[in-house]
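A.B. asks:
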Amino acid sequence: MTTPIMVDNHRYGMLYVEKSFENVYEQLQQINQVLATATIFALLVTAILGFFLARTITRPLVQMQRQVMAVSQGNFTRKVQMTEPDEIGKLATSFNNMTLKLREANATTESERRKLKSVLTFMTDGVIATDRKGNVVLMNNRAEQLLNVYRHDVTGNSILDLLKIRKDYKIMDLYNIENSIVLDFSTDDETILLRANFSVVKKTADWLMD
0 MTTPIMVDNH RYGMLYVEKS FENVYEQLQQ INQVLATATI FALLVTAILG FFLARTITRP
60 LVQMQRQVMA VSQGNFTRKV QMTEPDEIGK LATSFNNMTL KLREANATTE SERRKLKSVL
120 TFMTDGVIAT DRKGNVVLMN NRAEQLLNVY RHDVTGNSIL DLLKIRKDYK IMDLYNIENS
180 IVLDFSTDDE TILLRANFSV VKKTADWLMD
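Read in numbering that gives the first Met the number 0, the sequence shown has 119 at position 120, and its numbers run on one by one without any break.
1) Under 6 Å Cβ to Cβ from L159, same chain only, skipping five residues before and after it: list those, please.
2) At the level of alpha carbons, what is the spacing between L101 and K114?
3) Three-state secondary structure (DSSP) at T129?
4) Measuring straight from C-alpha to C-alpha, what distance separates N156 and A195?
5) Would you mind working out which of R58, L90, V70 sits nearest A104, comparing C-alpha positions?
6) Indicate the three-state DSSP secondary structure (helix, strand or coil) for N175 in the structure shown.
7) Can you check which of these residues, L162, Y174, D188, is closest to V181 by C-alpha distance?
8) With C-beta atoms as the reference, is A142 less than 7 Å away from V118?
9) Excluding five sequence neighbours on each side, which residues of the same chain lie with their C-beta closer than 7 Å to the C-beta of N95?
10) May I have the straight-line CA-CA distance separating T45 from L52, to the nearest angstrom?
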């Protein structure tokens with residue numbers, strides 16, 4: 000840098016000052032390197048934290064997805080493992096409680112089904128149970144004897160075809176029948192008349208014929 004030396008408006012000389020900026024450039028480079036290193040380190044730490052945070056969130060969700068698949072296949076023994084008391088942990092706990100209640104309800108239903116099957120087996124009246132579409136799902140021994148069929152052969156078939164009343168009734172008609180109807184299963188050698196009563200026994204519109 001050059002500056003004139005002035006005295007009483009007369010220039011007596013020049014002052015020349017020179018300074019090297021190499022040290023300044025080196026310091027700036029060092030600062031840039033520090034900033035770049037800090038930025039890379041911060042990004043690396045953020046990526047690692049994000050990875051573990053994502054695993055913390057997605058792991059219980061994946062477990063719950065697997066549990067849903069297991070429950071849909073009738074397996075109520077699996078549980079979602081969760082140790083964190085956060086919102087996802089509460090969700091996992093609620094899901095496990097729901098699975099437990101489903102298992103208890105399923106056990107109760109299975110127990111009642113076995114009791115019903117035992118009762119139907121030893122009843123003196125023939126009993127046929129259908130689903131709400133009118134397809135046979137259960138038949139006791141007496142019904143097999145009266146209709147001269149095997150339950151394995153007619154399970155899944157329409158009650159209309161089994162009782163030979165398709166020409167006279169539709170499935171919805173059977174829901175509204177209050178009185179018994181007479182079924183004619185007579186043959187050339189024997190007269191067989193059966194009296195049938197229809198009752199709805201479930202809210203799902205399954206019903207029994209006895």
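Just so it is clear, CB atoms sit at the ideal spot from N, CA and C, and this is done for glycine as well. Owing to the predicted nature of the structure, the values given are computational and were not obtained by experimental measurement.
C.D. replies: The relevant details are as follows:
1) Residue 159 sits at position 160 when you count from the first residue of the sequence shown. Excluding positions up to five away in sequence, the list reads R165.
2) By one-based count along the sequence shown, residue 101 stands at place 102. By one-based count along the sequence shown, residue 114 stands at place 115. Roughly 20 Å separates the two Cα atoms.
3) If you number the sequence shown from 1, residue 129 lands on position 130. In the structure shown, the three-state DSSP call for T129 is strand.
4) Indexing the sequence shown from 1 puts residue 156 at position 157. Indexing the sequence shown from 1 puts residue 195 at position 196. Distance between the alpha carbons of N156 and A195 is about 18 Å.
5) To locate residue 104, count along the sequence shown from 1; it is residue 105. When only C-alpha atoms are compared, the closest one is V70.
6) To locate residue 175, count along the sequence shown from 1; it is residue 176. Here N175 sits in coil by DSSP.
7) The sequence position of residue 181 within the sequence shown is 182, counting from 1. Measuring from the Cα of V181, the nearest candidate turns out to be L162.
8) As a working mapping, residue 142 is identified with position 143 in the sequence shown. As a working mapping, residue 118 is identified with position 119 in the sequence shown. Contact: no.
9) Here the question's residue 95 lines up with position 96 in the sequence shown. Apart from the 5 residues on each side of it in sequence, N95 sits with its Cβ closer than 7 Å to the Cβ of K78, V79 in its chain, given in chain order.
10) As a working mapping, residue 45 is identified with position 46 in the sequence shown. As a working mapping, residue 52 is identified with position 53 in the sequence shown. Roughly 10 Å between the two C-alpha positions.
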